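Letter 22 of the sequence shown, counting from 1, is numbered 22 in the numbering used here, and no numbers are missing. All residues carry an ideal CB built from backbone N, CA and C; glycine is no exception. Note that the structure is predicted; figures quoted are calculated from it, not measured. For reference, the structure discussed in these notes is given below.
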Amino acid sequence: MPFKSKAQRRKFAQLLVEGKITDDQYEEWNRSTGKKVLPERLHPKASPKKTRSRKTTKK
């Protein structure tokens, strides 16, 4: 299974350092990714939407 983003690659590197995954698992994912240019994040955080102010008219 290849990495889908740079953030995912960093997370797996952190898990490798912590000893939660093996070198072989990390290298398998790294090899399957190849030299692809990965996005920073697969699903970037949504920016907050602006709220519209309501105009009230006097009758």
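### Task
Go through its chain and collect everything with a Cβ distance to R9's Cβ below 6 Å, but skip five positions before and after it.
Here residue 9 refers to the residue found at position 9 of the sequence shown. Same-chain partners within the cutoff: F3.
### Query
Just curious, the alpha helix (DSSP H) that S5 is in, first and last residue?
One-based indexing of the sequence shown puts residue 5 at position 5. Unbroken run through S5: none, as it is neither H nor E.
### Message
Please report the straight-line C-alpha distance between P39 and K6, rounded to a whole angstrom.
### Response
For the purposes of this step, residue 39 is taken as the residue at position 39 of the sequence shown. For the purposes of this step, residue 6 is taken as the residue at position 6 of the sequence shown. If I take the Cα positions, the gap works out to 6 Å.
#### Entry: Neighbourhood of T33 by C-beta distance below 8 Å, restricted to the same chain and skipping five residues each side
By one-based count along the sequence shown, residue 33 stands at place 33. For T33, same chain residues with a beta-carbon under 8 Å away, outside a window of 5 residues either side, are P2, F3 and R9 in chain order.
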